[in-house]
Amino acid sequence: LGGTKLTYTQFDATGKPVNAPNVTLLVSPGSVELLTGAIFLLIAWKLRHLANAHETLLTTASVYAALMSSMIAATFIDWEFRIIPDEITLPGIPLLVILVTLFPFVQDGISVGRVLHLENPHWSALAGSLAGAFAGGGVVFLVGVLGKLAFRKEAMGLGDVKYLAMLGAFLGWQGILLTFFIACLLGSVFGVLSWWITRDRYIAFGPYLSLSAAFVILSTSCALVIMSDTFAVIPGINLRSTLSTLITTS
């Protein structure tokens, strides 16, 4: 991916060229490697409290590294080719469900939104992981359906649906909804800027999902505080108290 220059024409679902300018994208040499190294350093910083728990540290760091590597690959592929490969998402969903079920401690410090608080942490983690996968995929799918009805064209690709389901399998339903909310904000701001510069109305949503998920994973407490400050003004919803409890227990 590093140093790749790509020029291509957009096509619709029937394979016909759409009325849009060709797009030329450039990924500078070494940018992917540099980003991966920076992310791994952030993972090490987040997990520094596990320095004396070697087995837990190794397992958690391995899961984080594998997930982040998949997210980086999905980000640059979607950015350049405007697709999120099934080779990343379809194996990733069941794999993350299995890993979270076997090693529930990998989600420590992340607001996963347990749907069942069972005595057995493995069953509880399984329920939370499945709820996150369904919440992630379901939210994006619903947005796509509503967008298609409103705008008479595809508003969200199935690649985004599967990608958010994969992320939800790790983040749980609360984490994935927060991820989607932040991604929508980022996509709106940078999408407008991109359209103003290139006049291209297409927005690759995968990079914004990845950036938002990375923020939630690596800085959950900060993310929850932002959400509490944002929605504390909504009448009848004591979200600040709820999120404060999540921060304390995460």
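Be aware that the sequence shown starts at 40, since it is given in the working numbering, and climbs by one per residue.
Ideal Cβ placement from N, Cα and C applies to all residues, glycine included.
It should be emphasised that the depicted structure is a prediction, and the values quoted were computed from it without experimental measurement.
So what's residue 51 in DSSP terms, helix, strand or just coil? With a pLDDT of 48 at residue 51, under the threshold of 50, the modelled position of that residue is not reliable, and the figure given next carries that caveat. Residue 51: coil per DSSP, three-state reduction.
Can you give the beta carbon distance from residue 218 to residue 248, rounded, assuming they're within the 8 Å contact cut? Between residue 218 and residue 248 a beta carbon distance of about 7 Å is seen, short of the 8 Å cut, so the two are scored as contacting.
Quick one: give me the first and last residue of the alpha helix (DSSP H) that residue 72 is part of. 70-85 is the span of the alpha helix (DSSP H), which, as asked, contains residue 72.
Taking the C-alpha atoms as reference points, what is the distance between residue 140 and residue 244? In this structure, the CA atom of residue 140 is about 29 Å from the CA atom of residue 244.
How many angstroms separate the CA atom of residue 70 from the CA atom of residue 120? So the two alpha carbons sit approximately 17 Å from each other.
Quick check on the DSSP output: the alpha helix (DSSP H) that includes residue 200 runs from which residue to which? For residue 200, the enclosing alpha helix (DSSP H) begins and ends at 197-237.
Relative to the alpha-carbon of residue 258, which residue among 118, 135, 147, 179 has its alpha-carbon at the smallest distance? Among 118, 135, 147, 179, the Cα nearest to that of residue 258 belongs to 147.
Would you mind reading off the limits of the alpha helix (DSSP H) that contains residue 93? Element bounds for residue 93: 93-120.
Is the stretch 172-181 touching the stretch 85-103 in the sense that three or more CB pairs, one from each, lie closer than 8 Å? Of all C-beta pairs linking the stretch 85-103 to the stretch 172-181, fewer than three are shorter than 8 Å, placing the two stretches out of contact.
Residue 249: first and last residue of the uninterrupted alpha helix (DSSP H) it sits in: Residue 249 -> alpha helix (DSSP H) spans 245-257.
Apart from the five residues on each side of it in sequence, which residues of its chain come closer than 7 Å, Cβ to Cβ, to residue 205? The residues are 128, 131, 132, 135.
Using the Cα positions of residue 138 and residue 238, report the straight-line distance between them to the nearest angstrom. Residue 138 and residue 238 have their C-alpha atoms spaced approximately 43 Å apart.
CA-to-CA distance, residue 188 to residue 76, given in whole angstroms: In a straight line, the C-alpha of residue 76 is about 42 Å away from that of residue 188.
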